[in-house]
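Here is the structure we will look at.
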Amino acid sequence: MTKMQKPVINPAELDLEHWQEGTFFESRDAAFGAQLGLKDLGIGYGEVPPGKSGCPFHNHHIEEELFVILSGEGEYRFGPDRYPVKPGDVLGAPAGGPETAHHLINTGTVPLTYLSISANAKAEIVEYPDSGKFLAKSRATPGGKAVFRFVGRKESETDYWDGEPGI
Numbered sequence: 005m006t007k008m009q010k011p012v013i014n015p016a017e018l019d020l021e022h023w024q025e026g027t028f029f030e031s032r033d034a035a036f037g038a039q040l041g042l043k044d045l046g047i048g049y050g051e052v053p054p055g056k057s058g059c060p061f062h063n064h065h066i067e068e069e070l071f072v073i074l075s076g077e078g079e080y081r082f083g084p085d086r087y088p089v090k091p092g093d094v095l096g097a098p099a100g101g102p103e104t105a106h107h108l109i110n111t112g113t114v115p116l117t118y119l120s121i122s123a124n125a126k127a128e129i130v131e132y133p134d135s136g137k138f139l140a141k142s143r144a145t146p147g148g149k150a151v152f153r154f155v156g157r158k159e160s161e162t163d164y165w166d167g168e169p170g171i
């Protein structure tokens, strides 16, 4: 875990990582909770270009999330609904099933910037309703790197006893 540098960070000072997947997913972002000395609370800053999203539509079984829109305009897809968002809006994403699935889409003409705040559970299950995938992960410490991470689909499930000696 990163050692706390100081208890104040301005997002303009963050070293952002740019990534892109396909034609719809793209962001410049940084996670910086550990830099603030936080262990059980994650915080990130994201900049999403117009017409893009920073993550697939997903729901968490354990971790709750909160988003604060800083600039730009977008659409918050939450469960079956869509909500317009603008600077100052605060968005909740409670833990739960597909009815709490969510993601942000930049519908404006300038980057959509936001803070994301979440619990940093030691274990998590995430579902991706649009693609039928799930993610199972665990961490050695809250907020730490994943020590176990698996992305799969329910149809690849095996029997509990499959491959065990004597079966």
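Numbering-wise (this note's numbering), the sequence shown opens with residue 5 and increments by one. Think of the CB as a built atom: it goes at the ideal place given N, C-alpha and C, for glycine as much as any other residue. Quick caveat, the model's predicted, so the values are computed rather than measured.
- Item | Classification of T117 by the beta-carbon crowding that lies within 10 angstroms, buried from 16 upward | For the purposes of this step, residue 117 is taken as residue 113 along the sequence shown, with counting starting at 1. Counting Cβ neighbours within 10 Å, T117 comes out buried, since at least 16 surround it.
- beta strand (DSSP E) segment containing Q24, residue limits: Residue mapping note: residue 24 aligns to position 20 of the sequence shown, counting from 1. Note, Q24: beta strand (DSSP E), 21-25.
- Among E69, L42, V114, H106, the one whose alpha carbon lies nearest that of S120: Along the sequence shown, one-based indexing puts residue 120 at 116. Nearest C-alpha to S120: E69.
- By how many angstroms is the C-alpha of I73 removed from the C-alpha of L40? The sequence position of residue 40 within the sequence shown is 36, counting from 1. The sequence position of residue 73 within the sequence shown is 69, counting from 1. L40 and I73: Cα-Cα distance of roughly 20 Å.
- Does the region 142-162 come close enough to the region 92-112 to have 3 or more Cβ pairs within less than 8 Å? In the pairwise beta carbon analysis, the region 142-162 is classified as not touching the region 92-112: fewer than three pairs are separated by under 8 Å.
- Under the rule that 16 or more other beta-carbon atoms within 10 Å means buried, what is D33, buried or exposed? Start at 1 with the first residue of the sequence shown, and residue 33 comes out as number 29. Label assigned to D33: buried.
- A16 lies in the beta strand (DSSP E); which residues open and close that run? Numbered from its first residue, the sequence shown carries residue 16 at position 12. In the DSSP assignment, A16 falls outside any beta strand (DSSP E) and carries neither an H nor an E.
- Message: Please report the straight-line C-alpha distance between D19 and S122, rounded to a whole angstrom.
- Response: Here residue 19 refers to the residue found at position 15 when the sequence shown is read from its first residue. Here residue 122 refers to the residue found at position 118 when the sequence shown is read from its first residue. Taking the straight line joining both Cα atoms gives about 20 Å.
- Does the region 53-64 come within contact of the region 99-111, defined as at least 3 CB pairs closer than 8 Å? The answer is yes - the region 99-111 touches the region 53-64, with three or more Cβ pairs under 8 Å.
- Message: Could you pull the DSSP bridge partners for F29 from this structure?
- Response: If you number the sequence shown from 1, residue 29 lands on position 25. For F29, the beta-bridge partners assigned by DSSP are E25, S57.
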